[in-house]
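The structure appears right after this line, and notes come after that.
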Amino acid sequence: MSSLAAHRVEYAALLGNRLFDFELVAGNLQKSVAYYADYHSQSSMALRERAICDTFLKLYPRLGGAKCYGRWGSAHVVQRRADNIDRFATLLSRPDSPVANKVVAILSLYWNSEGLTVPSYRKQPVAAYGGISPRPFAAVAPGPVTLFRLTGADSPFNRENYSSLLKGGVTTDSVQYFVLIRNASASHPLGEVAEPAAR
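Heads up: take any position in the sequence shown, counting from 1, add 291, and you land on my numbering.
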């Protein structure tokens, strides 16, 4: 990034209208090096959340007011400080954010599902996140994917906190929906893509 700052005119002449893209990718690659140098520490986790938010905020003006949907992982969607870290959705919900009061969080819960560990990419069962058990939701939702709204007038999630991750407040201070995903198999690293069977 220091080279880009020192030679911005040259980079602009070479890249043209792709300078923004290059700067965004190069900056995030640099941040990933810092993240993995101190992998899973409080400071690296905070760096990652800030990098995700900064990237979104740089891209948002170019989206022309579009509604944005995405899955950033369970830890990223909570809208209140957790584990002493402001997560992506928490940062997006701040008063100075262009999307303040427009962020909706959907926390993924898994039943009988597997995922890949990072960085080893081994398949393993997906555990409950934040101390919220998927069992009661699985008992009433037989389909492969079911969305639960937590903000209804008589919802117990409006009255109590059911997550060990979130300290104080009620569940809906941080998430407004759960999505239960049942019987999902893990994806695979790109190097393990199987060839299609001959017909």
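Every residue gets a Cβ at the ideal spot worked out from N, C-alpha and C, and that includes glycine.
- The three-state secondary structure of threonine 463, taken from DSSP, is helix.
- Across the set Phe347, Asp374, Leu457, the C-alpha of Asp374 shows the shortest separation from the C-alpha of histidine 331.
- Beta-bridge partners of tyrosine 420 (DSSP): none assigned.
- Contact annotation: the segment 352-372 does not touch the segment 313-332, with fewer than three C-beta pairs closer than 8 Å.
- The segment 459-477 makes contact with the segment 387-403: 3 or more CB pairs, one atom from each, lie closer than 8 Å.
- Annotated three-state conformation of alanine 475 is coil, per DSSP.
- Cβ neighbours of glutamine 370 within its own chain (closer than 6 Å, five residues either side excluded): Ala380, Thr381, Ser384, Ala396, Ser465.
- Within 10 angstroms of the beta-carbon of valine 409 lie fewer than 16 other beta-carbons, which makes it exposed.
- In the DSSP assignment, phenylalanine 311 falls within the alpha helix (DSSP H) that extends over 310-328.
- Going by beta carbons, asparagine 452 and leucine 441 fall outside the 9 Å limit.
- For proline 435 against asparagine 474, the beta-carbon gap comes to about 6 Å, under 8 Å, which counts as contact.
- Residue range 397-402 is occupied by the beta strand (DSSP E) that includes serine 399.
- Assigned with DSSP and collapsed to three states, alanine 391 falls in coil, not helix or strand.
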